[in-house]
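Visitor: Structure below; questions to follow.
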Amino acid sequence: MTHYYLQAILAIVLALAVTAGASAQNPDPQASQLPTAGERTDSIKQLHEVTVAAKQPVRTIATSQTLSGADLQALSTTSVADALKYFSGVQIKDYGGLGGLKTINVRSLGAQHVGVYVDGIRLTNAQNGTVDLGKFSLSSMESVSLYNANKLDNCQSASEYASGATVYLQTKRPTSDSLSVQLRNASFFTWMAKLNAQFNWKGWQGFVDGEYCSSRGDYPFRYHSQYEDTVGHRANSDIRYVRAEAALFRGGFSSHVYYYGSERGCPGGIVRRLSDKYTNVGREWDRDFFVQASYKEHFLKWLVFKANAKYANEYLRYNTKYPENQNTARVDNHFRQQDAYGALCVSFLPWSWLSLSSSYDIRYSILRADLKRFDDVKRVDQKLVFAAQMNWHDIQAAVSALHQRYSDWTFVQAGAADPLDRWTPAVSLAYTLYGVTLRGWYKEIFRAPTLNDLYYTQAGNRNLKPEYTKQFNIGLEYHWISRNNSMANGQWAVDIQADVYWNRIENRIVCLPMKGTYTWSMMNYGETFCRGLNATLKGHYRTGQWNFSLLNSITWQRDVDRTDPSDEDMYDKPICYSPAFSTGLTAIAGWRTLQFTTSYLYVGERMWSKADPEDILEPYHNIDMKLSYTHNIKKTSLGLCLEVCDVLDIQYEHIPRYPMPGRNYKLTLSFGI
Amino acid sequence: MMKRYLTFLLLTLYIYNMRAQERIIVLDEGMWQADNGRISYFENGSITSNQWFRDKNGMKIGDTPNDIIQVNENLIAIAVNWSNIVQFIRPDGTAVAATEDIPNNRRLCSDGNYVYVTSYGHECETIYGTRYFEKGFVAKIDVSNFKVVATCEVGYEPEGIALYEGRLFIANTGGYAPEEQDHDFETTVSIVNAATMTLERNVDTGISNLFGEMSQSGRYLCINSPGDYYDIPPCGLIFDCEKALKGEECFVVFNYPVTYNTTTLDGRFFAIGSAFSYITGEYVFSCLTIEPWTVLKTRGRQGLVQTLPGTMASDFANMSQPYGIYVNPYTGYIYGTDAGSFEGAGYLFQWSPQGQLLGQHKVYVNPGHFLALPPDGHQDGIADTGSSQIANHPSAFDLQGRPVSNNGQLKKGTIYIKDGKKTLFGR
Chain P
1 MTHYYLQAIL AIVLALAVTA GASAQNPDPQ ASQLPTAGER TDSIKQLHEV TVAAKQPVRT
61 IATSQTLSGA DLQALSTTSV ADALKYFSGV QIKDYGGLGG LKTINVRSLG AQHVGVYVDG
121 IRLTNAQNGT VDLGKFSLSS MESVSLYNAN KLDNCQSASE YASGATVYLQ TKRPTSDSLS
181 VQLRNASFFT WMAKLNAQFN WKGWQGFVDG EYCSSRGDYP FRYHSQYEDT VGHRANSDIR
241 YVRAEAALFR GGFSSHVYYY GSERGCPGGI VRRLSDKYTN VGREWDRDFF VQASYKEHFL
301 KWLVFKANAK YANEYLRYNT KYPENQNTAR VDNHFRQQDA YGALCVSFLP WSWLSLSSSY
361 DIRYSILRAD LKRFDDVKRV DQKLVFAAQM NWHDIQAAVS ALHQRYSDWT FVQAGAADPL
421 DRWTPAVSLA YTLYGVTLRG WYKEIFRAPT LNDLYYTQAG NRNLKPEYTK QFNIGLEYHW
481 ISRNNSMANG QWAVDIQADV YWNRIENRIV CLPMKGTYTW SMMNYGETFC RGLNATLKGH
541 YRTGQWNFSL LNSITWQRDV DRTDPSDEDM YDKPICYSPA FSTGLTAIAG WRTLQFTTSY
601 LYVGERMWSK ADPEDILEPY HNIDMKLSYT HNIKKTSLGL CLEVCDVLDI QYEHIPRYPM
661 PGRNYKLTLS FGI
Chain L
1 MMKRYLTFLL LTLYIYNMRA QERIIVLDEG MWQADNGRIS YFENGSITSN QWFRDKNGMK
61 IGDTPNDIIQ VNENLIAIAV NWSNIVQFIR PDGTAVAATE DIPNNRRLCS DGNYVYVTSY
121 GHECETIYGT RYFEKGFVAK IDVSNFKVVA TCEVGYEPEG IALYEGRLFI ANTGGYAPEE
181 QDHDFETTVS IVNAATMTLE RNVDTGISNL FGEMSQSGRY LCINSPGDYY DIPPCGLIFD
241 CEKALKGEEC FVVFNYPVTY NTTTLDGRFF AIGSAFSYIT GEYVFSCLTI EPWTVLKTRG
301 RQGLVQTLPG TMASDFANMS QPYGIYVNPY TGYIYGTDAG SFEGAGYLFQ WSPQGQLLGQ
361 HKVYVNPGHF LALPPDGHQD GIADTGSSQI ANHPSAFDLQ GRPVSNNGQL KKGTIYIKDG
421 KKTLFGR
């Protein structure tokens with residue numbers, strides 16, 4: 001297998017050498033067609049690349065949803081998770097409050113099947129496989145996109161093919177120099193200050209974005225039912241964090257540095273207690289850092305090359321040594337993870353309608369922890385993909401084969417897991433007729449057991465098999481833009497898409513006690529089958545100084561257990577936390593720099609246990625409102641924004657006994673030059 | 001023909017009546033931090049409610065009810081672990097009192113006037129103020145006022161507790177050892193004077209982690225050790241309280257885990273167990289019938305039979321996740337639970353005393369702890385007042401279901417169970 005990878009790397013390196021040579025002799029012929037001939041060629045190429053991406057004909061073949069620009073800024077959001085909840089097919093898991101873990105689950109595949117990418121490079125956590133979306137701000141993002149299956153650009157890294165669903169966070173490329181400051185006061189003693197500086201200078205663009213936030217998070221909650229009337233304030237839900245980011249771009253080069261440090265309380269579930277005397281206190285400290293760079297270049301008409309590199313360093317401390325904590329072991333554990341990642345991608349375009357690409361990714365991860373009976377774990381994760389995409393007349397097709405190999409090294413007593421070696425395919429087909437694109441795709445992918453799954457003291461199981469998913473999707477998409485070019489008469493744009501899907505998960509990785517013991521261990525257990533419908537509708541209307549947007553998403557799905565046909569209580573019964581129906585509706589009205597947004601979210605009833613029909617999470621309606629106004633005086637701007645979240649003060653929860661905050665307010669003052 | 005029908009009807013009524021003698025309270029632990037602990041109530045061969053406590057009190061029992069005992073005629077105690085509550089109810093299910101003075105409470109025993117509770121916690125609220133402990137402790141609750149009147153520090157994370165001859169026998173686990181840096185698994189059984197609540201002695205068994213169900217049959221205790229889940233294999237112990245009090249060699253270790261165990265009507269133990277290792281990720285399942293006196297006498301060479309009555313062994317082996325075993329001390333009917341997938345409802349199995357499977361009944365999440373109520377349906381129905389013929393009777397027990405073998409143990413004015421009926425010892 002080592003030989004196999006060596007051959008693959010050699011093939012890619014050889015291709016790069018050839019393309020580099022060709023590039024030196026043949027400057028990009030399209031560069032001369034652009035008016036900015038006086039500028040350096042690399043910046044010219046960048047402009048060209050953006051143009052091509054905008055017209056990307058194969059985009060409609062992928063099932064995707066995007067929030068960008070004005071729509072994204074109009075939503076009432078504090079983190080990426082807030083924006084994603086308006087996407088069709090997305091279920092958010094949120095433990096409540098600013099500090100509560102926020103993950104997303106797409107089409108019921110599970111959070112660990114969702115890959116999150118910043119500028120095309122995956123955010124990873126080898127330890128637990130999930131990304132806390134609460135740690136990422138939208139203020140530095142140009143767009144947030146969700147792709148079911150693959151994004152299908154013609155030069156993608158192998159990692160981008162390696163998850164069931166992908167979330168792309170596209171960093172903003174500044175177009176001018178600016179400096180802005182924001183101050184926010186919000187409910188539950190929340191204070192936030194943010195600074196953003198951008199520049200665009202001689203073909204270089206960049207920004208620095210920093211934020212500090214402190215919140216007591218002691219929001220009130222109430223549980224009212226036939227058997228209880230519990231009121232209280234969330235305890236140990238405070239958070240303090242600092243986030244600092246910087247990015248630098250030039251042509252096909254992009255880079256990003258990110259730091260996030262926080263201290264937060266980890267509140268437990270609200271259970272019957274006679275007083276607040278014993279709260280289950282645990283506190284957590286995070287320090288996440290990464291630096292990444294990507295370079296993409298076109299050579300001749302028929303070659304595209306991309307290289308990605310990243311280093312990530314994550315530290316987590318979890319401490320439960322507090323007198324208020326009488327209920328758990330008293331620990332003070334430290335976890336350190338480091339990740340080094342590199343990827344090479346080559347795309348060959350023999351004809352304008354065909355692209356053939358290949359990419360090799362390698363990631364080296366090391367996890368250290370001061371747990372008892374734990375030793376350093378090192379993982380090398382290699383991925384190789386071969387992909388072909390075709391866009392011939394009205395027919396588009398894409399096919400890819402991904403090979404993944406995971407090898408672990410550790411001295412933990414149970415030993416390292418056997419290397420994991422698998423090929424997985426994906427195929428997509430689309431046909432466009434009268435502007436309507438009909439598409440279908442199939443994708444197989446697995447998630448490898450995480451380092452926690454395999455090696456965590458008193459839970460890990462080195463014999464775990466990967467969790468497999470098979471997804472099948474049929475959908476249609478239609479875009480319509482009014483031909484009327486006169487702003488005075490109004491301009492319309494409408495996007496509609498609908499997809500039906502089936503997916504199956506096999507060998508689910510779950511934590512269960514082994515038969516007849518009190519001992520919990522990771523196991524492969526269970527199979528689920530899900531079928532559903534995702535639909536989105538977007539409408540935009542602009543006239544004069546007014547603009548209106550309406551964004552709607554609908555999810556209907558039935559997600560059932562298919563583990564054991566003889567188990568009448570479980571088989572073919574709905575999976576916990578999976579609502580049958582959910583919908584989001586956002587209406588935005590703007591006049592000059594005054595903007596008003598109302599977002600409505602409905603999530604239907606979900607089971608949280610299959611033991612009793614009473615074990616349900618009630619459906620909830622959530623209405624957020626946002627009013628913002630910016631006053632411009634010459635080159636300076638002064639903005640004021642008022643947000644009211646959960647206007648109806650609905651008490652709801654994503655996880656039983658972890659209440660979400662009710663109605664809360666945010667007032668933001670911003671100043672920019 | 002009429003005669004045949006009449007006979008059939010009478011037989012049905014008789015069987016119905018016999019089955020109606022079975023009244024079992026089952027604790028469903030629920031899921032951790034989901035506040036969905038429940039109580040199921042089994043009577044007349046069927047589950048009458050899977051939310052008995054809610055039905056009777058209009059409120060929830062709390063998170064992870066972990067143990068249940070009969071304290072006296074009118075009182076039952078329940079340790080609700082994650083809620084930090086010891087809940088007292090009447091036999092009809094109505095709540096009497098609750099205390100949160102003993103956080104992280106685990107297991108209970110009682111002498112009728114006091115309830116003794118083991119706790120993994122490090123502090124306890126008593127009538128003399130807050131007491132702090134480096135390790136775990138035992139608290140003594142006076143049921144006349146439901147206050148903690150005394151405490152005693154024992155080993156780290158004490159689990160099973162039993163009362164014999166005025167002494168408390170506590171199995172220490174050190175169960176947090178895999179996570180906590182400052183101690184290892186415990187290997188001791190602590191002996192505490194119940195009257196003075198002072199530690200008299202720690203018996204070192206040399207066996208790590210005495211965790212799990214602990215059953216008592218008179219002077220004998222059946223204790224489980226799951227090992228350390230890595231190098232130290234699981235095993236079981238038979239512990240002789242009588243010999244321990246005399247300072248003699250008092251336990252025998254055998255190579256079978258007894259993860260879930262219970263006392264039978266004739267004073268033996270039934271046990272099911274699973275040996276699990278994180279190194280191999282595999283488990284070995286076993287069933288045992290244990291004759292404690294023989295095990296002690298023969299140093300474990302005899303008295304251990306790898307079988308259970310009737311179909312029980314195969315029924316347990318076919319369960320998804322066995323989670324408890326219990327013999328009704330009044331009738332000898334046998335019960336077991338299957339926790340299933342832990343996401344759905346568990347099941348209560350009922351066997352005849354001969355091990356014939358009588359039925360399985362859907363209960364709630366993680367059913368694991370049992371208490372039988374007296375079969376005649378009257379808590380205060382004392383059949384024989386002032387009996388002097390209790391000791392050494394083949395089916396005589398105290399209210400905790402322990403066989404009564406020695407006249408010296410009996411207290412005048414105390415109620416015992418003889419032939420399935422309450423009997424006042426007095427004459």
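Protein chains in written order, with my numbering: chain P, 1 to 673; chain L, 1 to 427.
Beta carbons are placed, not taken as given, at the ideal position from N, Cα and C, and that holds for glycine.
Excluding sequence positions up to five away, which residues of its chain have a Cβ less than 6 Å from the Cβ of N328 of chain L?
Guide: A372
Visitor: For T64 of chain L, which of P:G269, P:V90, P:K102 has the nearest alpha-carbon?
Guide: Of the candidates P:G269, P:V90, P:K102, the one whose C-alpha sits nearest the C-alpha of T64 of chain L is P:G269.
Visitor: Between D229 of chain P and the rest of its own chain, which residues show a CB-CB distance below 8 Å, the 5 nearest in sequence each way excluded?
Guide: R222, Y223
Visitor: Which residues in the same chain as V58 of chain P place their Cβ atom closer than 6 Å to its Cβ, once the five residues preceding and following it in sequence are excluded?
Guide: Because the pLDDT of V58 of chain P is 40, which lies under 50, any placement of that residue in the model is unreliable, and the question is left without a value.
Visitor: Secondary structure at F53 of chain L, three-state DSSP: helix, strand or coil?
Guide: helix
Visitor: Classify D240 of chain L as buried or exposed, calling it buried when 16 or more other Cβ atoms lie within 10 Å of its own Cβ.
Guide: buried
Visitor: Start and end of the beta strand (DSSP E) containing W82 of chain L?
Guide: Per DSSP, W82 of chain L belongs to no beta strand (DSSP E) and is neither H nor E.
Visitor: Would you mind stating whether G532 of chain P and D561 of chain P have Cβ atoms separated by less than 8 Å?
Guide: no
Visitor: So with CB distances below 9 Å, who are the chain P contacts of Y176 of chain L?
Guide: T328, A329, R330, V331
Visitor: Taking the runs of the alpha helix (DSSP H) that are 4 residues or longer, which of them lie wholly in the segment 268-327 of chain P?
Guide: none
Visitor: Excluding five sequence neighbours on each side, which residues of the same chain lie with their C-beta closer than 6 Å to the C-beta of N196 of chain P?
Guide: S180, D209
Visitor: State the Cα-Cα distance for the pair L667 of chain P and S143 of chain P, rounded to the nearest angstrom.
Guide: 24 Å
Visitor: Shorter than 8 Å from the beta carbon of I25 of chain L to some beta carbon of chain P?
Guide: no
Visitor: I'd like to know whether the C-beta atoms of G346 of chain L and P367 of chain L end up nearer to each other than 8 Å.
Guide: In this structure, G346 of chain L lies near P367 of chain L, with their beta-carbon atoms less than 8 Å apart.
Visitor: For the alpha helix (DSSP H) holding L454 of chain P, just list the boundary residues, first then last.
Guide: Taken as a continuous stretch (DSSP letters only), the alpha helix (DSSP H) holding L454 of chain P covers 451-455.
Visitor: My guess is that V363 of chain L and N50 of chain L are in contact by the Cβ rule of under 8 Å, so how many angstroms apart are they, rounded?
Guide: 6 Å
Visitor: So L210 of chain L and F254 of chain L are supposed to be a Cβ contact under 8 Å. How far apart are they, rounded?
Guide: Rounded, the Cβ-Cβ distance is 14 Å, inconsistent with contact.
Visitor: Strictly by DSSP, which residues pair up with I92 of chain P?
Guide: Paired residues: P:I104.
Visitor: Beta-carbon separation of I69 of chain L and A77 of chain L under 8 Å?
Guide: The answer is yes: Cβ separation under 8 Å.
Visitor: Given a limit of 7 Å on CB to CB distance, which residues of the segment 215-241 of chain P reach chain L?
Guide: Y227, E228
Visitor: Since I believe N622 of chain P is in contact with L714 of chain P (beta carbons under 8 Å), could you give me their beta-carbon distance rounded to a whole number of angstroms?
Guide: Any question about residue 714 of chain P goes unanswered here, given that chain P covers just 1 to 673.
Visitor: Are the segment 286-297 of chain P and the segment 98-106 of chain P touching, with three or more C-beta to C-beta distances below 8 Å?
Guide: no
Visitor: Can you find a CB in chain P that lies within less than 8 Å of the CB of N261 of chain L?
Guide: no
Visitor: Buried or exposed: Y434 of chain P, going by 16 or more other Cβ atoms within 10 Å of its Cβ?
Guide: exposed
Visitor: Sort P:A309, P:M607, P:D375, P:V114 by Cα distance to C345 of chain P and report the nearest one.
Guide: P:A309
Visitor: Tell me which residues of the segment 143-157 of chain L have at least one Cβ-Cβ distance to chain P shorter than 7 Å, keeping chain order.
Guide: none
Visitor: Identify whether T294 of chain L lies in helix, strand or coil by the three-state DSSP scheme.
Guide: Reduced to three states, the DSSP call for T294 of chain L is helix.
Visitor: Hey, is E343 of chain L's beta-carbon within less than 8 Å of any beta-carbon in chain P?
Guide: yes
Visitor: Specify, as a first and last residue, the run of the beta strand (DSSP E) that V245 of chain P falls within.
Guide: A small fix is needed here, since residue 245 of chain P is Glu in this sequence, not Val. That run of the beta strand (DSSP E) goes 239-250.
Visitor: Can you list the residues of chain L that N461 of chain P reaches, using a CB-CB cut of under 7 Å?
Guide: G281
Visitor: Is S277 of chain L near P257 of chain L, with beta carbons less than 8 Å apart?
Guide: no
Visitor: With 8 Å set as the bound, which would you pick, yes or no: does the beta-carbon of S230 of chain L sit closer than that to a beta-carbon of chain P?
Guide: Ser is not the amino acid found at residue 230 of chain L; the sequence shown has Tyr there. Cβ-Cβ to chain P under 8 Å: yes for Y230 of chain L.
Visitor: Rounded to the nearest angstrom, what separates I415 of chain L and S237 of chain P at their Cα positions?
Guide: 52 Å
Visitor: Let me see if you follow: with CB-CB separation under 8 Å, is K60 of chain L close to chain P or not?
Guide: yes
Visitor: When the cut-off is 8 Å and only beta carbons count, does V737 of chain P lie next to chain L?
Guide: Examination of residue 737 of chain P is not possible in this model, given that chain P is present from 1 through 673 alone.
Visitor: What number of angstroms, rounded off, separates the C-alpha of D559 of chain P from the C-alpha of S108 of chain P?
Guide: 7 Å
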